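Notes for the one structure printed next.
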Amino acid sequence: MIQSHSFSDSGVWSRVGQLVVRRPLLIFSITMIGIVIATIPAWSIKPSHNFLAGFPDDMESKVGYEMLAESFPPGRLAPTEIYIVASEPNILTAAVEIDDLTARLANMEDIVSVTGPTRPAGRPVNSGGYLEQGGGRFISLDGSTARIDVVLKGDPYSTESLATIVTIREILSSTEFPTLLAPYTLVGGDTAIESDTKAAIDADVSWLAPVSLIAILLILILLLKSVVAPLYLVFSVIVSFGATFGLSVFAFQEIFGHSGVAYQNGVWMFIFLVALGADYNIFVMSRIRESVGQHGIRQGIAIAVGRTGGVVTSAGIILAGTFAVLTTLPLRDLFQLGFAVSLGVLIDTFIVRALLVPSMAAILGEWSWWPRKTGRTTDIPVNSS
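Using the working numbering, the first residue of the sequence shown is number 1, and each one after it goes up by one.
If you want it as structure tokens, here you go:
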């Protein structure tokens, strides 16, 4: 609890607080320009769906995969499999449509080869002689299911290959092959698994992001008993994540030389940074509200920044150091997560909570606490001594 109306602290954070309240618009503008610039590299992200790429370079499984990739089409190392379940006891009653489907897939630009019961070697065989000419290995023992093997042209874990899986499924579900309509056709293989994983992540993010931000907004409204301040606090969380994500993408792809950024890491980064950012928001804004009620808008903000700066800095450095431990692990995906969260915590600590949030509070003044008032509206001059 602050006992005196004078403010004569001479520490670093006290001087930062005085600077912010003297030039809030300038501080806000410079900070936002820096954040926007930091966000730009995010647009050049190369999503990585290849879990093998995250292994150490000397791991045998990765070395073997790379050796095979140099000698064979990349897609042959992880072929896509299409399973067709018969609506009748014998799958070969649909042999004509299976062959049409095989030919349709073989003509796709992103596919190297297609083999199946009617084209066991990738070429058409005589009608009725499928089993005798090797097609039997593509049919289940009970004759109810057929398999078609598809070899993609590019890296089976690339974004383009994942898009090809979506195209294949669209073809299978179209009216072009009425007797093969889903759910009688299934697409499997490593590429299909990654495609499904990506679709699941995208679907989760579509509701996870807005729900988490709305939940944080409601909690801030209840705690601060205000509407305006929670809105710009949530804004600060969003821009902080954007800056962290952009700088992380730049570091991973341009400095550390990673082939891409693990796709799921974006979700984990968002969850951690939004939660931790909201934590610091509550702490800092509660102190600002208390100080403003006693000393007025500008001096109250300066005092709050000066008095909380050391605590927030210490907590931020400790937390960043904890997550930085993940960067010592040999797995790329964990390294990226640890680096990004550590960086985000430091940005929150030294930029967002120290400069951006106080400057917005100083610019908006008493409006920050609308519809309620903090009490004192007259400032006592901030002393720099």
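Each residue gets a CB set at the ideal place from its N, CA and C atoms; glycine is no exception.
Everything numeric in this text was worked out from a predicted model, so none of it was measured.
At what residues does the alpha helix (DSSP H) containing Gly242 begin and finish? Per DSSP, Gly242 belongs to the alpha helix (DSSP H) from Val228 to Phe250.
Can you tell me which residues form a DSSP beta bridge with Tyr83? Beta-bridge analysis with DSSP links Tyr83 to Arg147 and Leu186.
Just list the residues that DSSP pairs Ala262 with in beta bridges. DSSP lists Ser48 as the bridge partner or partners of Ala262.
Out of Val227, Val352, Ala362 and Trp367, which one is the CA nearest neighbour of Gly316? The candidate whose alpha carbon is nearest that of Gly316 is Val352.
Just curious, the beta strand (DSSP E) that Ser113 is in, first and last residue? Per DSSP, Ser113 belongs to the beta strand (DSSP E) from Ile111 to Thr115.
Run through DSSP, which three-state label would Arg123 get? Of the three classes helix, strand and coil, the one that applies to Arg123 here is coil, per DSSP.
Pairwise C-alpha distance: Asp110 and Thr167: Straight-line spacing of the CA atoms in Thr167 and Asp110 works out to 10 Å.
Consult DSSP for Leu152 and reduce its assignment to one of helix, strand or coil. DSSP places Leu152 in strand when its eight states are reduced to three.
Spatial distance of Ile363 from Ile40 (CA atoms): Straight-line Cα distance between these residues: approximately 26 Å.
Which same chain residues end up closer than 6 Å to Ile45 when comparing Cβ atoms and leaving out the 5 residues on each side of it in sequence? Closer than 6 Å at the Cβ level, and outside the excluded window around Ile45, lie Val249 and Val261.
Which word fits Arg287, buried or exposed, when buried means at least 16 other C-beta atoms lie within 10 angstroms of its C-beta? Buried: at least 16 other Cβ atoms inside 10 Å.
Apart from the five residues just before and just after Pro56, which ones in its own chain have a Cβ nearer than 6 Å to its Cβ? The answer, listed in chain order, is Pro330.
For a quick check, are the C-beta atoms of Ala251 and Met285 less than 8 Å apart? It is not a contact, given that the beta carbons lie outside the stated cut-off.
Three CB pairs or more closer than 8 Å across the region 321 to 340 and the region 205 to 212: Verdict: no, contact absent.
Using alpha carbons as the reference points, say which of Gly34, Ile30, Glu366 and Ser48 lies closest to His258. Selected option, being the one with the closest Cα: Ser48.
What residue range does the alpha helix (DSSP H) around Gln18 cover? Counted as a single uninterrupted DSSP element, the alpha helix (DSSP H) harbouring Gln18 occupies residues Val12 to Arg22.
Considering just the uninterrupted stretch of the alpha helix (DSSP H) at Ala103, what are its terminal residues? Here the alpha helix (DSSP H) through Ala103 covers Ala95 to Ala106.
Should Val63 and Ser113 be called a contact, given that it needs their Cβ atoms to be closer than 8 Å? No, the Cβ-Cβ distance between Val63 and Ser113 is not below 8 Å.
Between the CA atoms of Leu217 and Ile297 - distance to the nearest angstrom: Taking the straight line joining both Cα atoms gives about 23 Å.
Looking at the strands, I want to know which residues DSSP matches up with Ile301. In the DSSP assignment, no residue is bridged to Ile301.
Closest Cα partner of Thr244 within the set Gly17, Ile27, Val16 and Trp43: Nearest option by C-alpha distance: Trp43.
Looking at Ile82: is its Cβ nearer than 8 Å to the Cβ of Arg123? Contact flag unset, no.
Let me confirm a value: Gly266 is counted as buried when at least 16 other C-beta atoms fall within 10 Å, else exposed. Which label applies? By the neighbour-count rule (16 or more Cβ atoms within 10 Å), Gly266 is buried.
Going by DSSP, what residues sit across from Ile139 in a beta bridge? The secondary-structure analysis by DSSP pairs Ile139 across a beta bridge with Ala146.
Which ranges does the alpha helix (DSSP H) cover as unbroken runs of at least 4 residues, wholly within the region 288 to 371, from first to last along the chain? Taking 4 residues as the shortest admissible run, the region 288 to 371 contains the following complete alpha helix (DSSP H) segments, listed from N- to C-terminal end: 297 to 324, 332 to 347 and 357 to 364.
Sorted by chain position, which residues of the same chain lie with C-beta nearer than 8 Å to Phe138's C-beta, five sequence neighbours on each side aside? The answer, listed in chain order, is Thr115, Gly116, Pro117, Pro120, Ala146, Arg147, Ile148 and Asp149.
Specify, as a first and last residue, the run of the alpha helix (DSSP H) that Tyr65 falls within. In the DSSP annotation of this structure, the continuous segment of the alpha helix (DSSP H) that includes Tyr65 starts and ends at Glu60 to Ser71.
Taking buried to mean at least 16 other C-beta atoms within 10 Å of its own C-beta, is Ser236 buried or exposed? Counting Cβ neighbours within 10 Å, Ser236 comes out buried, since at least 16 surround it.
Can you look up Ser158 in the DSSP assignment and give me helix, strand or coil? Ser158 falls in the coil class under three-state DSSP.
To the nearest angstrom, report how far apart Leu372 and Ser359 are at their CA atoms. Looking at the sequence itself, residue 372 is Arg, so the reference to Leu does not match. Whole-angstrom Cα-Cα distance: 20 Å.
Contact between the region 344 to 351 and the region 274 to 281 is defined here as three or more beta-carbon pairs at a separation below 8 Å; is this criterion met? Judged by Cβ distances under 8 Å, the region 344 to 351 makes contact with the region 274 to 281, as three or more pairs qualify.
Phe283 (DSSP reduced to helix, strand or coil): Residue state for Phe283 is assigned as helix, using DSSP reduced to three classes.
Have a look at Arg307 and Tyr232 and give me their C-alpha separation to the nearest angstrom. Across the structure, Arg307 and Tyr232 are spaced so that their CA atoms are roughly 22 Å apart.
Count the other C-beta atoms from every protein chain shown that fall within 10 angstroms of the C-beta of Ser158, then say buried if there are 16 or more, exposed otherwise. Counting Cβ neighbours within 10 Å, Ser158 comes out buried, since at least 16 surround it.
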